[in-house]
Structures are given as structure tokens and as C-alpha cells.
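Take the sequence shown: its position 11, counted from the start at 1, is 1039 in our numbering, and no numbers get skipped. Beta carbons are placed, not taken as given, at the ideal position from N, Cα and C, and that holds for glycine.
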Amino acid sequence: MAEKNIILPVHIGFIMDGNGRWAKKRGMPRTFGHREGAKAFRRITEYCNDIGVKYITFYAFSTENWSRPKEEVDAIMKLFKEYLLEANDLTEKNIRLVFLGDKSRFDTELRNRMTDLEDKSRDHDGMTVALAMNYGGRDDIVYAVKNVVHLLKENKISEDEINEDLITRNLYTGDIPDADLIIRPSGEKRLSNFLIWQSSYAEFYFTDVLWPDFGPSDLDRALEDYASRGRRFGGV
């Protein structure tokens, strides 16, 4: 377990990568890897809550992931529905759930489950768990710009009021602080269109561990590495 005196990031972003490769190494279909990846998601969520992390965001399904084989996409959607039925356990622990991205492409049942969980946990003041589903960092910025344009048209703001803070408040993340630490398993070393505005001053941690194998001890190593870094935010 992370040391009690370690400096914890307020907001950790996880790029859940390597499910397909994990399954392939075992001669299993990619869908099996996604199911095991969902177990890792639950482990890490519970552990972050136990050690006192306030915000965690998981890159669950990107705007680009729709191009994957239909069988795989269908399996992922089924897995989402199963998980969201179980997610009531999180809301009972005072955890707030939010979903980042354009919900309109999901079917009615899935959209309703997302909305119900957000509504049920809206006033919870424990950890916030954000799932980025049908999410892309560039799309996030476009979403914010459209919101700002709407405010301008409604004469609710003036052009002089457009600044970084206004853009930030109109992103999908809204009231979630910028990411302090981005963790990507699987050996890849890129953001892949994840939280590109919100991670402008984040620390990055990369590991070769595939996501289904990622556990509390791996997160502890990432947190120890994070605590050893000097964050100057452009200063000296």
C-alpha cells in the first residue's frame, strides 16, 4: 500500500491499454482481455478510494474505437452495460460517477444507465470516478468551444470574458481539476487523444505491464515515482 506520507496526486488519468495483447498472449479472443481489463478497473477504483485519491479518470472507449471489428465493439458495449449494473456499489460508497464524451452514439439503455448513475451520485462528496466513453481530447475541446459560442449567442458572456478558465469549465470534465498524473500501461508512450487540454502540466508514467495485470502494487510504484518529481508548472 502507498505510504501514508506520500504526496498523492489529486487527479489520476488511466489509459487502459493492452487488453487485446493480454488475451492474444494467452491464445484467447480480444473480448476476453476486455473482460479481464474490467476487473483491473474495479481493483484500481477500489484501491484509489481506499488510499484517498479524489479524482480518477479512465479512458474506457475513444471516439476512434468505433472503427474496431463490430464483434469486438458489441462485446465492449455488453461489458459496459454489465458494469453499469454493478456500479451501484460505488454510489453506495459515496463515490460520484460521471461520464465524459458524447453519449448520443450509445443505445438508449446504455445512455439511461449513465444518466441514472450520474443523477444518483451527483451530490456525493467522496471520490469522483470519470469514465471517458466515446471520448476524444480534440472532440472535448470542440465541445467546449461550441458551449462558449452558445453563451456568446445568448449574450450570457462577452468576447472579453473568453479565457482559459472559461474553456476549462465548459469541457466535459467541467468541475474536475486538471490531471496531475497520467498512467499508461502496455509499453506505449503516447496520449492517444486523452485529456489533451487537462494534462498540459501532468506528469506521465509509462509501464510495460498490460492493463489486465495492473494492480495496486503497480499503482504504488507510479505514485512513488510521481512523489519524487519536482512540479514547477513552468516556473523555476
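Length of the line joining the Cα atoms of residue i and residue j
i: PHE1222; j: ASP1168; result: 9 Å
i: GLU1231; j: LEU1036; result: 12 Å
i: SER1112; j: MET1142; result: In the sequence as displayed, the identity of residue 1112 is Leu instead of Ser. If you take the alpha carbons of LEU1112 and MET1142, they lie about 7 Å apart.
i: ASP1201; j: LYS1053; result: The sequence shown places Thr at residue 1201, not Asp. Their Cα atoms are separated by approximately 35 Å.
i: ASP1203; j: VAL1237; result: 31 Å
i: LEU1179; j: ALA1172; result: 11 Å
i: LYS1082; j: TRP1239; result: 21 Å
i: GLU1099; j: PHE1069; result: 22 Å
i: ALA1066; j: LYS1106; result: 12 Å
i: CYS1076; j: ASP1130; result: 26 Å
i: TYR1254; j: ILE1123; result: 24 Å
i: ASN1116; j: GLU1146; result: 11 Å
i: ASN1047; j: ARG1058; result: 7 Å
Residues bridged to residue i (per DSSP)
i: THR1156; result: TYR1083, ARG1124
i: GLU1017; result: No answer is possible for residue 1017: it lies beyond the span of the chain, which begins at 1029 and ends at 1264.
i: SER1090; result: TYR1163
Residue i, buried or exposed, once every other Cβ within 10 Å from all chains shown has been counted against 16
i: VAL1264; result: Confidence at VAL1264 is low in this model, with a pLDDT of 45, below 50, so the placement of that residue is unreliable and no value is reported for it.
i: GLY1165; result: buried
i: THR1091; result: buried
i: GLY1055; result: exposed
i: ASN1191; result: exposed
i: ASN1140; result: exposed
i: VAL1176; result: buried
i: SER1132; result: exposed
CB-CB length for residue i against residue j, believed under 8 Å
i: LEU1159; j: ALA1250; result: The pair is not a contact, with the Cβ atoms about 20 Å apart (cut-off 8 Å).
i: PHE1108; j: LEU1138; result: 6 Å
i: THR1119; j: HIS1152; result: 7 Å
i: SER1149; j: LEU1125; result: 5 Å
i: ILE1040; j: ILE1084; result: 5 Å
Per-residue DSSP class, three states only, for residue i
i: ASN1162; result: strand
i: ARG1071; result: helix
i: VAL1264; result: Caution is warranted here: a pLDDT of 45 is assigned to VAL1264, below 50, making its placement in the model unreliable, and the coordinate value is therefore given only provisionally. VAL1264 falls in the coil class under three-state DSSP.
i: SER1220; result: coil
i: SER1186; result: coil
i: ILE1043; result: strand
i: ASP1151; result: coil
i: SER1256; result: coil
i: ARG1054; result: coil
i: TRP1225; result: coil
Residue i CB to nearest heavy atom of the ligand GTP below 7 Å
i: PHE1234; result: Because no ligand of any kind appears in the structure shown, any question about the ligand GTP cannot be addressed here.
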